[in-house]
Amino acid sequence: MDPIDLANSKTLTAFIEDYLPSSKEWNTWVHPTTKDQYAVTLQTSKSLSAADFDACFRLIALTSSDTYKASKDGWKPRSKKKEMKLLDIKYILVKTGQGFLEGFLSFMPTYEDGYPVIYCYEVHLSPELQGNQKAIKFYERLGYSKDDFSPAPKLLRNGTKIEPDYVILSKVLLDLSSYI
86 MDPIDLANSK TLTAFIEDYL PSSKEWNTWV HPTTKDQYAV TLQTSKSLSA
136 ADFDACFRLI ALTSSDTYKA SKDGWKPRSK KKEMKLLDIK YILVKTGQGF
186 LEGFLSFMPT YEDGYPVIYC YEVHLSPELQ GNQKAIKFYE RLGYSKDDFS
236 PAPKLLRNGT KIEPDYVILS KVLLDLSSYI
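Take the sequence shown: its letter number 10 is residue 95 in the numbering used here, and every next letter is one higher.
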């Protein structure tokens with residue numbers, strides 16, 4: 086069976102058993118500075134409650150709507166909500182002990198340029214948990230690097246360098262060259 090179809094057809098329980106760490110430690114995250122504990126859960130776009138969906142959308146609006154507005158595509162709340170409900174999207178939610186959403190990652194197993202990938206749509210954290218430079222170092226420690234598909238800066242005729250709105254990071258999990 087196709088590995089992407091297989092991953093996307095799994096129940097949440099089977100997905101967790103097959104693809105997430107075998108220990109229960111992934112369900113809890115402890116803030117390294119404050120020592121506050123956060124609950125981490127996995128949901129699908131279908132199993133995500135309306136309250137959690139709204140909290141995720143509000144977090145996107147809070148943390149990124151200004152960046153979207155400044156980008157060439159602009160801020161389109163209706164389109165963003167539609168994207169958030171794509172059938173195969175999954176959500177990793179990070180909540181306080183009181184149940185308040187403080188962050189989430191949305192992703193989908195899919196194909197990119199013919200290769201099976203886990204495409205990360207969004208990573209959003211409340212301002213209290215943010216830190217781009219720390220995040221980049223975190224991903225680099227995990228073996229991620231700038232992807233070939235990441236947009237390059239544009240150099241204008243007058244010498245001005247325009248940085249892209251985002252960076253795509255990737256990590257090779259399985260060398261497929263021996264299968265080709």
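Even for Gly, the Cβ is constructed at its ideal location relative to N, Cα and C.
Inset, instruction - Determine, using beta-carbon pairs with one atom in the segment 138-145 and one in the segment 165-172, whether at least three such pairs fall under 8 Å. - result: yes
Inset, instruction - Out of K180, L97, P162, point me to the one whose CA is closest to L65's CA. - result: Given that the chain is displayed from residue 86 to residue 265, the structure contains no residue 65 and the question cannot be resolved.
Inset, instruction - List the endpoints of the continuous beta strand (DSSP E) containing F189. - result: 186-197
Inset, instruction - Could you tell me whether the Cβ atoms of K175 and Q122 are closer together than 8 Å? - result: no
Legend entry - Spatial neighbours of E187 in its chain, beta-carbon cut-off 8 Å, leaving aside the 5 residues before and after: Y123, V179, K180, T181, L210, S211, E213, L214
Inset, instruction - State the DSSP-derived secondary structure class of S150, mapped to helix, strand or coil. - result: helix
Inset, instruction - Figure out for me which residue from G159, K120, K165 has the closest Cα to the Cα of C141. - result: K165
Inset, instruction - May I ask you to list the residues that DSSP assigns as paired with I177? - result: L127, L190
Legend entry - Identity of the residues DSSP links to Y200 by a beta bridge: E197
Legend entry - Close-in-space but distant-in-sequence residues of the same chain around S156 (CB under 7 Å, 5 per side omitted): D250
Legend entry - Exposed unless 16 or more other CB atoms sit within 10 angstroms - verdict on L133: buried
Legend entry - Continuous beta strand (DSSP E) stretch holding T113: start and end: 113-115
Legend entry - Inter-residue spacing [alpha-carbon to alpha-carbon] between T119 and K219: 16 Å
Legend entry - Residues sharing a beta bridge with E207, DSSP: S191
Inset, instruction - Can you check DSSP and say which residues form a bridge with Q122? - result: V115
Legend entry - Local conformation of L241 per DSSP, three classes: coil
Inset, instruction - Can you give me the Cβ contacts of E207 inside the same chain, cut-off strictly under 6 Å, excluding the 5 residues immediately before and after it? - result: S191
Inset, instruction - Following the continuous alpha helix (DSSP H) through D103, name the residue where it begins and the one where it ends. - result: 97-104
Inset, instruction - Determine the extent of the alpha helix (DSSP H) in which K157 is found, giving its start and end residues. - result: Unbroken run through K157: none, as it is neither H nor E.
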